Structures are given as structure tokens and as C-alpha cells.
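According to this note's numbering, the sequence shown is numbered sequentially starting from 4.
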Amino acid sequence: MNTNRSVSRRDIIRALAAVAGASLAGPVLAACGGNESPASTAAPTATSQASTGGSGAAATSTPAATTPASTPAGTPATGTIGGSLTVYSGRSQQLVQKIVDEFAAATGIDVKVRYGDTAEMAAAILEEGKSSPADIFFAQDAGALGAVAREGLLAELPSDVLDLVEPRFRSPDGHWIGLSGRARAVVYNTERVKESDIPPSILDFTDPVWKDRLGWAPTNASFQAAVTAIRVLRGDDVARAWLEGIRDNGARVYENNDVIVSAVIAGEIDAGFVNHYYLERQRAEAGRDLPARNYIYRNGDPGALVNVAGAGILTTAKNQEQAIAFIRYMLSPEAQTYFAEETHEYPLVAGVPTDPNLVPLNEIQTPDIDLSDLADLEATLEMLRDVGLL
Ligand SMILES: [Fe+2]
């Protein structure tokens, strides 16, 4: 669906930087990740610069507060690889520092992580170009990986690594790979909505039967990726009509997915458009069942989008061996179990158990889309502004 208009790297950087800047300045675009959870709102998203020479200012993960004194059980002996690695992470420190620390302990690699919003990290990599100190781009959205890959900045990954993950969750060109899955979901109040009330397509929520019953978060990055998916799959006219239809159905605007889930649990709204893991996290925090459930489309509908958090290795990476080791580690049973249990995402490697509360991935027919195409965020933002949602 990408048109043949030529977009320069400068245009892309400007667009990504605008998105990132907006998200830092206010709720025009909220990040979609751990920093949405109440406990982590104060988490630093733009921490130290790994690129400022010397080591004092860098966010070095190896001796971080959470690092255990000894190697975690079940992982390889320390010091087997050594050297260093610089990761630009669009995933929040709160969510991934622990698994990065385990990787560092298991391999003896000195890992420096620069944390920030995913769009901000993508813009930084594009801006820095060949001189970027980044070895790895760890993103919470495939679109951002696609944007960097399209500029020729991501190297092809080894086939034995790529083969660990289904083709639908990685770059067709092998430039990035999904490390955990994030399903779109309709969260609904089980006292007000029956599963059989959910329409066969996400596009059908424009039906007046849903008048004044819905909630959404137009500033949320995952929501915007979902709108991009509708544009890519069905065209701009359908996407725009859907946005206008939901708006005209009186959907309430919320700041983020967490608040939507809370509003559904409280019965303030009947249903909302979210990523699946927010309800799972709230349920885990509550330690009991809640009057809400996720409906996961599994029929190839645009609503059945499963985005990924994933990673790619920069073509300019100075620490190739360490970078490959990082990706292999994140695909190991230990790390995949971490994502399943700690971030409530889908593991993407076969044989790692999925949370029994979730619809198994192999039962979800995802829409026929190259997740790299979610890179076309700019046109989605323009559409959201046109429709009056931003
Ligand atoms: Fe999110």
C-alpha cells in the first residue's frame, strides 16, 4: 500500500522525531509498553546516552541494581563470550532490564542500554546513520523496525535464528525478528457483554448497537499501529470511515490502554480496543478474576493483528558476535518464558508455554500483512488529526 512517493531519510527522521518529541512533551502519542502501567509512570524513558564517550554516563546494565550476585540457575557459565554490546531499546527499562541483566551475566558481555520511546530510538538510529554506536535496535513495534530496515540499516539475520520464529512474526527479508507477541484485543465487561455479542469484524463496531458503550486511546502507539494495519489491509477510505464511525458512536477517549481496561472493569464502558496484556497484567496484580475478558479475533480480520516487540542488528554494528548472542538469548526458553510470565506477552518460539488465559497463537489466523508495513505511521497520524482524534 505504500505509494511511490519518494520519501527521503530526512523526511522519515523528521516524522519519527516529531512523533517522539510529541510523546515526550505530552499525551499526543503515548508509548505503548511498560511505562503505561501505573507503577512505572515515573520510569525514565530517556536515560543516559550510550554514545557519550567514556563509560560513566552510559546506562550500563551489567552492574545494575537488579543484577543478582551470581549467575542465575540454568543459564550458561559467565564470561563465555565477553566484549561489549550497545542496545537502543524502545522497550522500557522496567520491563526488560531484568532479562538484559540475565543475558549479561550469562555471557560476560558488558551491555549498555539506551532507553527511550521506540519512535525516538528509530529516529536516533536514522539520524546517526553510519556513526551510530548502536549494535541492536530493540523495538516494541514491528513498524519501527521496518522503518529502520527500509533505510538499509539492518543486517540480515542468520537463517537458523530466523527459523526459530514463524514467518508472519519476522521480516520477510530477514532484517528483524519478533521476540514476543502483542495481540490486539477487544476487552469487554463480562456482566454487560457476551462473547457472542462481539461482531465478526472489528470494523463492525460502528454499528449503532455500540453507541456510547466503547472506549479507545487514539494517542496510543499500538492503537495507531492497528489503524495503520486497517489502512494497509483495506485502504485509507475504509480506515477513515471506521475512525469516523467509532467517533460518531460516542466512543470515550482514554489516555492509555490501562485506563481503558480499568474503565471496562468498573463498568464505565462495555468494551474497548487494547492490547491483550493489559488485562493480564491487571489480573495478575489483582490476584483474582475480574469481570472483564479479552476477545481476540482469530479469523484473519484486521482486528486479529498480532504485532511484535522485536530486534534487528545494525549493519554498522561493531559487536556482531555479541549482537547475535543477544538475539539468540532473547529467543531462548528462559527469555521466552520471561516474556510469557513477566510481561504477559506471547512467546514466539515453539515449545514455550503460553499463558493459559490467552488464545494460543496457532489458533489466531492473523491478517495477511507484512508487519514491516506498519512503518507508515505518518499517514495514520495525519488521518487521526483529520478525524479530530489527535
Ligand atoms: Fe502497550
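Where a beta carbon is used, it is the ideal one built from N, C-alpha and C, also for glycine. Since we're looking at a predicted model, the values are computed, not measured.
Using the three-state DSSP reduction, which class does S2 fall into: helix, strand or coil? Outside the modelled stretch of the chain, which goes from 4 to 393, sits residue 2, for which no answer is possible.
Whole alpha helix (DSSP H) runs in the segment 236-311 with 4 or more residues, listed along the chain? Complete alpha helix (DSSP H) runs here, min 4: 239-251, 260-268, 280-289.
May I ask which residues mark the beginning and end of the alpha helix (DSSP H) holding F329? Translated into the one-based positions of the sequence shown, residue 329 becomes position 326. First-last of the alpha helix (DSSP H) with F329: 323-333.
Examine ligand 1 and report whether any of its heavy atoms sits within less than 7 Å of the Cβ of N297. Position 294 of the sequence shown, counted from the start, is the residue given in the question as residue 297. Not under cutoff, so the answer is no.
Does ligand 1 have a heavy atom nearer than 7 Å to the CB of N260? As a position in the sequence shown, residue 260 is number 257, starting the count at 1. The answer is yes for N260.
On a Cα-Cα basis, can you pick out the residue from R388, E324, L374 that is closest to A186? To locate residue 186, count along the sequence shown from 1; it is residue 183. The shortest Cα separation from A186 among R388, E324, L374 belongs to L374.
Nearest to T83 by alpha carbon, out of R291, Q325, G391? Residue mapping note: residue 83 aligns to position 80 of the sequence shown, counting from 1. The shortest C-alpha separation from T83 is found at Q325.
Looking at the strands, I want to know which residues DSSP matches up with V114. By 1-based counting over the sequence shown, the position of residue 114 is 111. Note: V114 sits in a beta bridge opposite L88.
Ordered along the chain, which non-local residues of its own chain (more than five positions away) have a Cβ less than 6 Å from that of G181? Your numbering for residue 181 matches position 178 in the sequence shown. For G181, the CB contacts under 6 Å within the same chain, skipping 5 residues up- and downstream, are V168, F172, R173, V311, G313, L351 in chain order.
May I ask you to check if the CB of S225 is nearer than 7 Å to at least one heavy atom of ligand 1? Taking the sequence shown and counting its residues from 1, one reaches residue 225 at position 222. Checking the Cβ of S225 against ligand 1 gives yes.
DSSP has A188 in a bridge; who is on the other side? Here residue 188 is taken as the residue at index 185 of the sequence shown, counted from 1. According to DSSP, which records beta bridges pairwise, A188 is partnered with V277.
Is the closest heavy atom of ligand 1 to the C-beta of N278 under 7 Å? Working through the sequence shown from its first residue, we reach residue 278 at position 275. Checking every heavy atom of ligand 1 against the Cβ of N278, one is found closer than 7 Å.
Can you name, in chain order, every residue of its own chain whose Cβ lies under 8 Å from the Cβ of R296, other than the five neighbours on each side? As a working mapping, residue 296 is identified with position 293 in the sequence shown. Closer than 8 Å at the Cβ level, and outside the excluded window around R296, lie V190, Y191, T193, E198, L282.
Rounded distance between the beta-carbons of T340 and V355, thought under 8 Å: Counting from 1 along the sequence shown, the entry for residue 355 is found at position 352. Counting from 1 along the sequence shown, the entry for residue 340 is found at position 337. About 6 Å; that satisfies the 8 Å criterion.
Give me the DSSP bridge partner(s) of Q339. In the sequence shown, residue 339 corresponds to position 336, counting from 1. Q339 is not bridged to any residue.
When you compare the CB positions of L19 and L157, do they come within less than 8 Å of one another, or not? Start at 1 with the first residue of the sequence shown, and residue 19 comes out as number 16. Start at 1 with the first residue of the sequence shown, and residue 157 comes out as number 154. No, they are not a contact pair.
In its own chain, which residues sit with a C-beta less than 8 Å from the C-beta of R237, not counting the 5 before and 5 after it? Walking along the sequence shown from the start, residue 237 turns up at place 234. Setting aside the 5 residues that flank it on each side, R237 is surrounded in the same chain by L206, P305, each with a C-beta closer than 8 Å to its C-beta; the list follows chain order.
Can you check whether the CB of L160 is closer than 8 Å to the CB of A232? Locating residue 232 in the sequence shown gives position 229, counting from the first residue. Locating residue 160 in the sequence shown gives position 157, counting from the first residue. Result no, Cβ atoms of A232 and L160 do not sit closer than 8 Å.
Simplified DSSP assignment, three categories, for R234: Position 231 of the sequence shown holds residue 234. In this structure, R234 counts as helix in the three-state DSSP scheme.
Candidates I316, H279, V267: which alpha carbon is nearest L293's? Within the sequence shown, the letter at position 290 stands for residue 293. Per the Cα distances, V267.
Three-state secondary structure (DSSP) at I205? Here residue 205 refers to the residue found at position 202 when the sequence shown is read from its first residue. Residue state, collapsed to three classes: helix.
Please name the residue in L217, D389, Q96 whose C-alpha comes closest to that of E271. Numbered from its first residue, the sequence shown carries residue 271 at position 268. Distances from the alpha-carbon of E271 to those of L217, D389, Q96 put L217 closest.
Exposed or buried, K115, counting other C-beta atoms within 10 Å across all chains shown (16 or more means buried)? The residue you call residue 115 lines up with position 112 of the sequence shown. It counts as buried.
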